[in-house]
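What follows is a set of notes on a single structure, which appears directly below.
Protein chains: 2
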Amino acid sequence: MSYYGRMGRTPAHPDVAQFDLQQILEALVDPVRRSIVSQLVASGTDIKCGDFDIPVSKSTATHHFNVLREAGLIRQYYVGTARMNALRRDDMDAAFPGLITAITP
Amino acid sequence: MSYYGRMGRTPAHPDVAQFDLQQILEALVDPVRRSIVSQLVASGTDIKCGDFDIPVSKSTATHHFNVLREAGLIRQYYVGTARMNALRRDDMDAAFPGLITAITP
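Chains as they are written, first to last, in this note's numbering: chain A, 4 to 108; chain B, 4 to 108.
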């Protein structure tokens with residue numbers, strides 16, 4: 004991984020071995036964050052930060068994305084200037100089988 | 004149900020149809036409450052309020068039991084003077100399949 008890959012625009016993501024249930028539940032207890040996860044599940048594709056249907060400001064949304072990313076629920080990456088969000092479904096299912104299914108309508 | 008059954012020592016419990024994911028996650032995000040659920044899962048039996056291994060005062064424990072009961076996670080009943088706690092496993096599995104399994108070690 005390049006210097007810029009580590010320190011620049013690619014944000015840090017925990018490995019599956021670092022997943023912490025307490026941190027994951029603290030992420031999922033917030034209805035806006037759970038809505039972001041549900042929209043990723045429903046769409047089946049990665050979604051740009053600006054394209055979610057959530058009733059919060061851009062800066063608040065950024066906070067919610069950070070909490071989800073730091074808990075391991077989403078992976079963020081750039082396509083040009085767009086920050087994309089991917090559900091880490093396989094990683095979550097490996098660490099806590101059934102959790103995503105249980106909490107998404 | 005008798006008057007005393009409704010108003011007296013038998014506390015109120017929500018029906019499965021009343022279960023609310025937000026309320027359930029707010030109950031489960033607390034590590035002490037999650038420990039109570041885990042101990043019920045591990046034991047496979049109902050447990051008296053005083054017999055849980057939790058690092059809180061009796062009055063704090065009572066609060067945690069109330070939150071779990073109101074969310075539908077446990078059923079409480081009396082045997083003599085002892086308040087017993089039963090995991091509502093079947094009810095939770097019906098409402099949110101896999102949730103209990105996912106959040107208990």
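Heads up, the beta-carbon is just placed ideally off N, CA and C, and yes, glycines get one too.
Per DSSP, what are the beta-bridge partners of residue i in this structure?
i	result
Asn88(A)	Ile50(A) and Gln79(A)
What number of angstroms, rounded off, separates the C-alpha of residue i from the C-alpha of residue j?
i	j	result
Pro14(A)	Pro58(A)	24 angstroms
Gly75(B)	Met87(A)	37 angstroms
Glu29(A)	Arg92(B)	22 angstroms
Ser62(A)	Asp33(A)	16 angstroms
Ile50(B)	Ile77(A)	38 angstroms
Gly8(A)	Gly83(A)	With a pLDDT of 45 at Gly8(A), under the threshold of 50, the modelled position of this residue cannot be trusted; read the value that follows with caution. If I take the Cα positions, the gap works out to 14 angstroms.
Val35(B)	Ala89(B)	16 angstroms
Ala85(A)	Phe55(A)	13 angstroms
Asp94(B)	Gln79(A)	36 angstroms
Asp96(B)	Pro17(B)	15 angstroms
Val19(A)	Ile27(B)	25 angstroms
Phe71(A)	Phe22(A)	One detail in the question is off: residue 71(A) reads as Leu in this sequence, not Phe. Spanning the two alpha carbons is a distance of roughly 12 angstroms.
Met10(A)	Asn69(A)	Reliability fails at Met10(A), whose pLDDT of 47 lies under 50, so the model's placement of it is uncertain and the value that follows must be treated cautiously. Computed Cα separation, rounded: 16 angstroms.
Arg37(B)	Leu43(B)	10 angstroms
Thr48(A)	Tyr81(A)	15 angstroms
Ser60(A)	Glu73(B)	33 angstroms
Am I right that residue i and residue j are in contact with their C-beta atoms under 8 angstroms? What's the rounded C-beta distance?
i	j	result
Thr107(B)	Ser46(B)	Contact doesn't hold; Cβ gap of about 12 angstroms is too wide.
Ile103(A)	His67(A)	That belief does not hold up - the Cβ atoms of Ile103(A) and His67(A) are roughly 17 angstroms apart, past 8 angstroms.
Leu31(B)	Phe99(B)	About 10 angstroms separates the two Cβ atoms, so there is no contact after all.
Gly101(A)	Gly101(B)	3 angstroms
Ala105(A)	Ala105(B)	6 angstroms
Three-state secondary structure (DSSP) at residue i?
i	result
Val59(B)	coil
Asp33(A)	coil
Asp93(A)	helix
Thr107(A)	coil
His67(A)	helix
Ala15(A)	coil
Met10(A)	Residue placement at Met10(A) cannot be trusted, given a pLDDT of 47 that sits under 50; the coordinates are not used to answer.
Ala98(B)	helix
Inset, instruction - Mind checking the stretch 54–75 of chain B against chain A and listing, in chain order, the residues whose C-beta falls within less than 9 angstroms of any C-beta there? - result: none
Legend entry - Chain-ordered residues of the stretch 24–53 of chain A with a beta carbon less than 7 angstroms from chain B: Leu24, Gln25, Leu28, Glu29, Leu31, Val32 and Pro34
Inset, instruction - Closer than 9 angstroms, Cβ to Cβ, to anything on chain B: give me those residues from the stretch 74–108 of chain A, in chain order. - result: Phe99, Pro100, Gly101, Leu102, Ile103, Thr104, Ala105, Ile106 and Pro108
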